[in-house]
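> In the working numbering, the protein residues as written are 15 to 686.
Beta carbons: idealized from backbone N, C-alpha and C, even for Gly.
Structure below.
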């Protein structure tokens, strides 16, 4: 029986254009939705613009227009970009809607009646220059947990810690750079702790990936805090019922936008919203980035629990996009807007490249420009397009465009390709798109070898029917491979469907064989990536006048972090630094940043946990010579015992450099 599924992606903010980093998530989600539909399932894909909050209000003010005008324009731009990348929403709506207002008030009132809302007077940051209370993301400063500079007012991108804006060290207004003052105000809070047991219950049932669950365990251990769900005016959003100058915090009504989009769709199509969103017949899945994991894994399901709505079956979390191994940058031209990309390159190139990298793991993926060009030219042009272009024009021009029948060799080829169908569908279902691409390219290689071995360009001259048999098998291979790639390459699939003179292909068509069938004229499927176009795209994306973060001039007499108590020369002499060689390295399950290293220290084996997984792959560390703090007292960590520490430098993230010794250094030797 076909499944019924509702799917959402995180809501893009109505203050910024869509860029290629966004396409990771919307591409990942769209591929999964298309796969489900091609399997015969009913799958509805909902999303919306996230429109509320101070940033939208400020942007509109700076542009001399009303916020409503700004979000209307951005909505049209977002839809155009998504359409350009073949992202097929069933409904793309806005959080500034009557449906969202009604649902937000309904959920708030339910939580209030359940005793999960409390009032409390708080001290918050206020910019006297801008004359507004500053939202979390409009305050920048030093993280109070790990001391990383230039972090947001609510969470740290380096250590993933969360905190209140008033805890930020040396805060400043992100809009004007002025240090904010503090003012008191009465706010509404959601008592998240009330739902701890129920939250743990859904996590135990697989609500999130294992690595995400491990991160949530850390937050549970630290203790769940009440969540401030209100903001003072001036503010662009929905007023809290019964209040004149207090508004719902954008993070309360933003995820409710999923429901509002679904309700809007149901109302327009005569469907029962409660049956689709809250009934037992439909599965529900959210796709999000790891940066908003805290809100979607804790606050959002708790809000639903407290207001009588069901939670999603699963939360699919993905990592960030880097370009050439670094964060996207305007100065380097790698922060590429979707509209700029579409001016120069085929959108399916990026969909394919991302798919070749995406798995179910919460790991960052890297868009390496040279690898991107090589992969597209090698795979899409050199394998898939080449297979069709070798067969279809010859069949059309030399053999009246009519397929023949398969011989035993052709049947064996098609049976082999068709047999991969169950593996392909399982990998799509499990979000392991990289495995899908690997399988499909291997099968394309197999089909291209078949063509090489049978050489229809030769047999067409001596045995035309033999050539027809070869071309029949080749185009049947193209048909099945197209089905396998259709969730990733919908426009490519449409061209192949026209070429083969068939209807819309689905996974149910994999066993079908086209024989004694007329095809249409061949049209170009893909062109090679032009390096000059890529360079032009990057050049256009550069902003040499990119604004740098406003950082106050340092005061020489004050350090960012107090210097620790003095140690004597005798204390320092106790440190025993040794040469060590990595004999084994492996990732630590459930920890994105840790590697478990087994070190040879001159015949002594030591196991060390090192937070370098985002900078070094485990396979590249085997045999490396490193410097070990050998007599550091062993420490029992959550993921095991660490017997020392390798020396490294860096500022967090991927800027980590192990301090290594000469390759000829002998393990166990002292470092002086």
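Using the C-alpha atoms, what's the distance from residue 443 back to residue 46?
Position 32 of the chain shown holds residue 46. Position 429 of the chain shown holds residue 443. Computed Cα separation, rounded: 7 Å.
> For residue 258 and residue 78, I'd like the C-alpha separation in whole angstroms.
Residue numbering aside, residue 258 sits at position 244 when the chain shown is read from its first letter. Residue numbering aside, residue 78 sits at position 64 when the chain shown is read from its first letter. Residue 258 and residue 78 have their C-alpha atoms some 25 Å from each other.
> To which residues of the same chain is residue 468 closer than 6 Å at the C-beta, ignoring the five residues directly before and after it?
As a first step, residue 468 is located in the chain shown; it is residue number 454 there, counting from the start. Contacts found: 484.
> Between residue 42 and residue 68, what straight-line distance do the alpha-carbon atoms span, to the nearest angstrom?
Translated into positions along the chain shown, residue 42 becomes position 28. Translated into positions along the chain shown, residue 68 becomes position 54. Using only the alpha carbons, I get a separation of about 30 Å.
> Pull up the CB-CB distance for residue 25 and residue 271, whole angstroms please, since I reckon it's below 8 Å.
For the purposes of this step, residue 25 is taken as residue 11 along the chain shown, with counting starting at 1. For the purposes of this step, residue 271 is taken as residue 257 along the chain shown, with counting starting at 1. Here residue 25 really is in contact with residue 271; their C-beta atoms are around 5 Å apart, less than 8 Å.
> Here's the rule: buried if 16 or more other CB atoms are within 10 angstroms of the residue's CB, otherwise exposed. What is residue 365?
Working through the chain shown from its first residue, we reach residue 365 at position 351. Buried, by the Cβ-count rule.
> Using DSSP bridges, identify the partner residues of residue 624.
Working through the chain shown from its first residue, we reach residue 624 at position 610. Beta-bridge pairing links residue 624 to 609.
> In this structure, does DSSP put residue 663 in helix, strand or coil?
To locate residue 663, count along the chain shown from 1; it is residue 649. Only weak support is given to the placement of residue 663: the predicted model assigns it a pLDDT of 43, under 50, and the question is left unresolved by the model.
> For residue 327 and residue 287, what's the separation of their Cα atoms in angstroms?
For the purposes of this step, residue 327 is identified with residue 313 of the chain shown, where counting begins at 1. For the purposes of this step, residue 287 is identified with residue 273 of the chain shown, where counting begins at 1. Near 18 Å, if we compare the C-alpha coordinates of residue 287 and residue 327.
> If you run the structure through DSSP and keep just helix, strand and coil, what is residue 529?
Here the question's residue 529 lines up with position 515 in the chain shown. Three-state DSSP puts residue 529 in coil, outside helix and strand.
> Suppose only complete runs of 4+ residues qualify. What are the alpha helix (DSSP H) ranges in the stretch 52 to 118, listed by chain order?
The qualifying runs are 68 to 77 and 81 to 98.
> Please classify residue 95 as buried or exposed, where buried requires at least 16 other C-beta atoms within 10 Å of its C-beta.
For the purposes of this step, residue 95 is taken as the residue at position 81 of the chain shown. Buried.
> Ignore the nearest five residues each way along the sequence and tell me which others in residue 426's own chain have a CB closer than 8 Å to its CB.
Here residue 426 refers to the residue found at position 412 of the chain shown. Nothing meets the Cβ criterion.
> By Cβ distance below 6 Å, which residues in the same chain neighbour residue 175 in space, the five residues on each side in sequence not counted?
As a position in the chain shown, residue 175 is number 161, starting the count at 1. Once the five neighbours on either side are set aside, the close Cβ partners of residue 175 are 159.
> Would you mind working out which of 34, 178, 120 and 539 sits nearest residue 136, comparing C-alpha positions?
Along the chain shown, read from residue 1 onward, the residue named residue 136 stands at position 122. Of the listed residues, the one whose Cα sits closest to residue 136 is 178.
> The alpha helix (DSSP H) with residue 435 in it runs from where to where?
Position 421 of the chain shown, counted from the start, is the residue given in the question as residue 435. Counting along the chain, the alpha helix (DSSP H) containing residue 435 begins and ends at 435 to 443.
> Taking the beta carbon of residue 342 as the centre, do at least 16 other beta carbons fall within 10 Å, making it buried, or is it exposed?
Working through the chain shown from its first residue, we reach residue 342 at position 328. Label assigned to residue 342: buried.
> Looking at the strands, I want to know which residues DSSP matches up with residue 619.
Counting from one through the chain shown, the residue named residue 619 turns up at place 605. In the DSSP output, where bridge partners are listed per residue, residue 619 has 614.
> Rounded to the nearest angstrom, what separates residue 511 and residue 157 at their Cα positions?
Position 497 of the chain shown, counted from the first residue, corresponds to residue 511. Position 143 of the chain shown, counted from the first residue, corresponds to residue 157. Straight-line Cα distance between these residues: approximately 55 Å.
> State the Cα-Cα distance for the pair residue 250 and residue 65, rounded to the nearest angstrom.
Counting from 1 along the chain shown, the entry for residue 250 is found at position 236. Counting from 1 along the chain shown, the entry for residue 65 is found at position 51. When rounded, the distance between both Cα atoms is 8 Å.
> Assuming residue 135 is part of the beta strand (DSSP E), what are its boundary residues?
For this step, residue 135 is matched to residue 121 along the chain shown. 131 to 141 is the extent of the beta strand (DSSP E) around residue 135.
> Quick check on residue 38: does DSSP put it in helix, strand or coil?
Locating residue 38 in the chain shown gives position 24, where the first residue counts as 1. In the structure shown, residue 38 sits in a helix (DSSP, three-state: H, G or I).
> Which of the three DSSP states is assigned to residue 328 in this structure?
Sequence index remark: in the chain shown, residue 328 carries index 314 (1-based). Here residue 328 sits in strand by DSSP.
> Taking the alpha-carbon of residue 207 as reference, which of 448, 465 and 238 has the nearest alpha-carbon?
For this step, residue 207 is matched to residue 193 along the chain shown. Comparing Cα-Cα distances from residue 207 to each of 448, 465 and 238, the minimum goes to 238.
> Which same chain residues end up closer than 7 Å to residue 273 when comparing Cβ atoms and leaving out the 5 residues on each side of it in sequence?
Within the chain shown, residue 273 is the residue found at index 259, counting from 1. These residues qualify, in order along the chain: 117 and 291.
> Taking only the alpha-carbon atoms, compute the straight-line gap between residue 498 and residue 504 and give it to the nearest angstrom.
The residue you call residue 498 lines up with position 484 of the chain shown. The residue you call residue 504 lines up with position 490 of the chain shown. Spanning the two alpha carbons is a distance of roughly 11 Å.
> Could you pull out every residue in the same chain whose Cβ sits closer than 8 Å to the Cβ of residue 478, ignoring the five residues on either side in sequence?
The residue given as residue 478 occupies position 464 in the chain shown. Excluding sequence neighbours, residue 478 sits near 412 and 413.
> Could you spell out where the beta strand (DSSP E) holding residue 511 opens and where it closes?
Taking the chain shown and counting its residues from 1, one reaches residue 511 at position 497. Residue 511 -> not in any beta strand (DSSP E); alpha helix (DSSP H) instead, spanning 504 to 514.
> Can you confirm whether the stretch 308 to 323 touches the stretch 181 to 190 when touching is taken to mean that 3 or more C-beta pairs between the two stretches lie within less than 8 Å?
no
> Within the continuous alpha helix (DSSP H) that includes residue 467, where are the two ends?
Along the chain shown, read from residue 1 onward, the residue named residue 467 stands at position 453. Where residue 467 is concerned, the enclosing alpha helix (DSSP H) stretches over 447 to 468.
> Looking at C-beta atoms only, is the number of pairs between the stretch 135 to 152 and the stretch 192 to 208 that lie closer than 8 Å three or more?
yes
> At which residues does the alpha helix (DSSP H) containing residue 479 begin and terminate?
Counting from 1 along the chain shown, the entry for residue 479 is found at position 465. 478 to 499 is the extent of the alpha helix (DSSP H) around residue 479.
> Is the beta carbon of residue 395 sitting closer than 8 Å to the one on residue 333?
Locating residue 395 in the chain shown gives position 381, where the first residue counts as 1. Locating residue 333 in the chain shown gives position 319, where the first residue counts as 1. It is not a contact, given that the beta carbons lie outside the stated cut-off.
> Looking at the secondary structure, which residues open and close the alpha helix (DSSP H) in which residue 368 lies?
One-based indexing of the chain shown puts residue 368 at position 354. Under the DSSP assignment, residue 368 falls in the alpha helix (DSSP H) whose first and last residues are 361 to 371.
> Using alpha carbons as the reference points, say which of 19, 552 and 631 lies closest to residue 345.
As a first step, residue 345 is located in the chain shown; it is residue number 331 there, counting from the start. Checked all of 19, 552 and 631; the closest Cα to residue 345 is 552.
> Examine the Cβ distances between the stretch 536 to 543 and the stretch 383 to 393 and report whether three or more of them are shorter than 8 Å.
yes
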